[in-house]
Amino acid sequence: MKIFYLEHLKLRKKTRSWLGPILVFSLIMIAYPLTVEFLQTNLEKGFYSLLWISILLSMMLATEDIFLEDFSDGTLEQTIISNTSFPLLIAKKIFIYWLMIGVPISFLSFLFSLSLTQDFNLSLSIFPLSVVSSYIFLNLFVFGNALSLNKGSVLGAIITMPLALPVLIILGKSVIAIEFGINYVEFLLLLLGILSIIITIVPFIISYVIKAHLE
Amino acid sequence: MIKRFIHQFASPKTYLFQVNKIYRYIFYISLIIYLFSLTWGLLFTPEDFVQGNSYRIIYLHVPASFMSQSLYAIMAITSITYLIWRVKLAAYFIIAIAPIGAMTTFIALISGSIWGIPTWGTWWQWDARITSTLILFIMYLGLISLHNSFSNHEKADKLLSWLVIVGFVNIPIIKKSVDWWSTLHQSASITLTDKPSIDPSMLYPLIGCIIGFFGLIICLVILSSKYQIFKRERKKSWVKEYV
Amino acid sequence: MFEFAFSSVREAIYMNGHGVYVWTVFLIVITNITYFFINYKNKINKIKKKLDASS
Numbered sequence: 140m141k142i143f144y145l146e147h148l149k150l151r152k153k154t155r156s157w158l159g160p161i162l163v164f165s166l167i168m169i170a171y172p173l174t175v176e177f178l179q180t181n182l183e184k185g186f187y188s189l190l191w192i193s194i195l196l197s198m199m200l201a202t203e204d205i206f207l208e209d210f211s212d213g214t215l216e217q218t219i220i221s222n223t224s225f226p227l228l229i230a231k232k233i234f235i236y237w238l239m240i241g242v243p244i245s246f247l248s249f250l251f252s253l254s255l256t257q258d259f260n261l262s263l264s265i266f267p268l269s270v271v272s273s274y275i276f277l278n279l280f281v282f283g284n285a286l287s288l289n290k291g292s293v294l295g296a297i298i299t300m301p302l303a304l305p306v307l308i309i310l311g312k313s314v315i316a317i318e319f320g321i322n323y324v325e326f327l328l329l330l331l332g333i334l335s336i337i338i339t340i341v342p343f344i345i346s347y348v349i350k351a352h353l354e
Numbered sequence: 041m042i043k044r045f046i047h048q049f050a051s052p053k054t055y056l057f058q059v060n061k062i063y064r065y066i067f068y069i070s071l072i073i074y075l076f077s078l079t080w081g082l083l084f085t086p087e088d089f090v091q092g093n094s095y096r097i098i099y100l101h102v103p104a105s106f107m108s109q110s111l112y113a114i115m116a117i118t119s120i121t122y123l124i125w126r127v128k129l130a131a132y133f134i135i136a137i138a139p140i141g142a143m144t145t146f147i148a149l150i151s152g153s154i155w156g157i158p159t160w161g162t163w164w165q166w167d168a169r170i171t172s173t174l175i176l177f178i179m180y181l182g183l184i185s186l187h188n189s190f191s192n193h194e195k196a197d198k199l200l201s202w203l204v205i206v207g208f209v210n211i212p213i214i215k216k217s218v219d220w221w222s223t224l225h226q227s228a229s230i231t232l233t234d235k236p237s238i239d240p241s242m243l244y245p246l247i248g249c250i251i252g253f254f255g256l257i258i259c260l261v262i263l264s265s266k267y268q269i270f271k272r273e274r275k276k277s278w279v280k281e282y283v
Numbered sequence: 229m230f231e232f233a234f235s236s237v238r239e240a241i242y243m244n245g246h247g248v249y250v251w252t253v254f255l256i257v258i259t260n261i262t263y264f265f266i267n268y269k270n271k272i273n274k275i276k277k278k279l280d281a282s283s
């Protein structure tokens, strides 16, 4: 519990790291209607693909310096040497990031979807999808950033972007399922399954990768 | 037991000596097979009923796309070997294979899109196969750029092998997911490429091409791993003696 | 099985209009592979020369 609180404090102090991605996300969402002719049908056409891609991009921004500060001031080395479980710490860190960035972005995506389509049920079913997918993206990009720890975040993002593509495909399919009124819950369950695998495996891999960095 | 076996026979020195003995045979035999079956395929097989003469690209396209995937699998196996048993040779292999894999994937993409012009009427289609091959190409480029961004080779090897393993887990998922995605707008023309039954007169040169190309790529891998060994172990005394 | 599929060499290059595609792919594959072979041979020779000079 203490680690949760500490990580939360750490993240809250760096306003740029948690407010930045949320602001970028909402700016993309605001900019979208300006680029389309004001006809309701045109607006809806490309909205969801834009939504998923901007969630992906903002998660990429959010993980930009997740380990950088701890790496440069030696906190990472200390935690590895001490007896605390390192993978668990990483998992908690990612969870806090998701709580502070992923959940607000999902809520915002619900709001933007509601304002654009005026369809309450559709937007309500967008919410769980974006919650789960943002957690998956966060995990993947944290892995990428652990790989390119002090080499800039662009490299890590490029490396891990192909790994995120299946999730995007599933998201696209589930939006179509919602629009046609087919049961979309199975796509949600599929995403949850992917998430449960990723949550358990990725922290361990990240801890190995960071140990390789520090050796 | 396995560990001892690997450590004895996978030291760069013994590898280099063993490989130098057989390299010439592999190279000439596979070159002869490849050129023979290529001329057979390009000039001496009957014309295809549906696609006309443009189907002859199959003899160049299929071996490349076959190799592009199997090279990634080989990379995954070597990186697991490296992470478990810390075999140095495996680490050299990973980075030796990556550029060659990128090359074969590039060939597969380019030849496929050129083949698409006469048969489909378009050079690019967001079809399942093509998209997953493109993703594979981008992954190869990512691997190379990751390795190049670290000056410390051992660290780079470890990170690279982790990325290769995670990427390999993802490859069947990408393949499957892209299949689901493209079923929505499947265009009928694409099914032209997979023929269920291929005539023996076309099949034999194709098999010959695949075997020959495989041999040539193996030779390339041997050359580039040799280069890596020289580059990394140039300070060891046996390398100086060997040269 | 080994019958020449075309009536003349010219026909073999033209291939009913498909020759452009087939032969460009052929050239791309051959140049790529030979380039890689030559490139690696050169690199190995360079390193060997360096090692010779140093020893």
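Each protein sequence line maps, in turn, to chains A, B and C. Sequence positions in the first sequence follow our numbering and run 140 to 354. Sequence positions in the second sequence follow our numbering and run 41 to 283. Sequence positions in the third sequence follow our numbering and run 229 to 283. Just so it is clear, CB atoms sit at the ideal spot from N, CA and C, and this is done for glycine as well.
| Item | Value |
| --- | --- |
| Inter-stretch contact (C-beta, 8 angstroms, three-pair minimum) for the region 232-244 of chain C and the region 171-178 of chain B | no |
| Supposed contact pair residue 279/B and residue 270/B - C-beta distance, whole angstroms, cut 8 angstroms | 6 angstroms |
| Inter-stretch contact at 8 angstroms, needing at least 3 Cβ pairs: the region 161-169 of chain B / the region 238-257 of chain C | no |
| Assigned secondary structure, residue 92/B (DSSP; H/G/I helix, E/B strand, else coil) | strand |
| Same chain, Cβ closer than 7 angstroms to residue 66/B, five either side skipped, listed in chain order | 255, 258, 259 |
| Residue 42/B, buried or exposed, once every other Cβ within 10 Å from all chains shown has been counted against 16 | exposed |
| CB contact check: residue 166/B to chain C, cutoff 8 angstroms | no |
| Cβ-Cβ distance between residue 182/A and residue 227/A below 8 angstroms | no |
| Under the three-state DSSP convention, the category residue 274/B falls into | coil |
| Supposed close pair residue 267/B, residue 268/C - CB separation, criterion 8 angstroms | 6 angstroms |
| Proximity below 8 angstroms, CB of residue 168/A to CB of residue 251/A | yes |
| C-alpha gap between residue 231/A and residue 345/A, whole angstroms | 13 angstroms |
| Residue 144/A burial status per 10 Å Cβ neighbour count (16 or more: buried) | exposed |
| Three-state secondary structure (DSSP) of residue 343/A | helix |
| Burial state of residue 80/B (16 or more Cβ within 10 Å) | buried |
| For residue 226/B, three-class secondary structure by DSSP | Its pLDDT being 38, under 50, residue 226/B is placed unreliably in this model, and the value from its coordinates should be taken loosely. Note: residue 226/B maps to coil in three-state DSSP. |
| Residues of the region 250-274 of chain B with Cβ closer than 7 angstroms to any Cβ of chain C, in chain order | 256, 260, 263, 264, 266, 267, 270, 271, 274 |
| is_contact[residue 141/B, chain A] using C-beta, thresh 8 angstroms | no |
| Straight-line Cα distance separating residue 86/B from residue 239/C | 14 angstroms |
| Residues, ordered as in the chain, of the region 82-93 of chain B that lie near chain C by beta-carbon distance below 8 angstroms | 82, 83, 84, 85, 86, 87, 92, 93 |
| Contact set between the region 332-348 of chain A and chain B, restricted to residues whose Cβ is under 7 angstroms from the partner | 344, 347, 348 |
| Spatially closest choice to residue 298/A from 165/A, 305/A, 286/A, by CA coordinates | 286/A |
| Residue 273/C, DSSP secondary structure in three states | helix |
| Contact check, residue 280/A vs residue 202/A, beta carbons under 8 angstroms | yes |
| Option nearest residue 114/B by Cα separation, candidates 102/B, 134/B, 263/B | 134/B |
| Touching by the beta-carbon criterion (3+ pairs, under 8 angstroms), the region 140-152 of chain B and the region 92-102 of chain B | yes |
| Closer than 7 angstroms at the beta carbon, the chain C residues around residue 158/B | 246, 249 |
| Nearest-angstrom Cα separation, counted from residue 245/C out to residue 241/A | 56 angstroms |
| DSSP state of residue 86/B mapped onto helix, strand, coil | coil |
| C-alpha distance - residue 347/A paired with residue 200/B, whole-angstrom precision | 12 angstroms |
| Entirely enclosed alpha helix (DSSP H) segments - the region 158-214 of chain A, minimum 4 residues | 179-201, 207-211 |
| CB contact check: residue 100/B to chain C, cutoff 8 angstroms | yes |
| Members of the region 293-309 of chain A that neighbour chain B once the beta carbon cut-off is set at 7 angstroms | 294, 297, 298, 301, 302, 304, 305, 308, 309 |
| Sequence-distant residues of its chain with Cβ nearer than 6 angstroms to residue 208/B (five each side left out) | 116 |
| Within 7 angstroms of chain A by C-beta, residues of the region 172-188 of chain B in sequence order | 175, 178, 179, 182, 185, 186 |
| DSSP-derived helix/strand/coil call for residue 192/B | coil |
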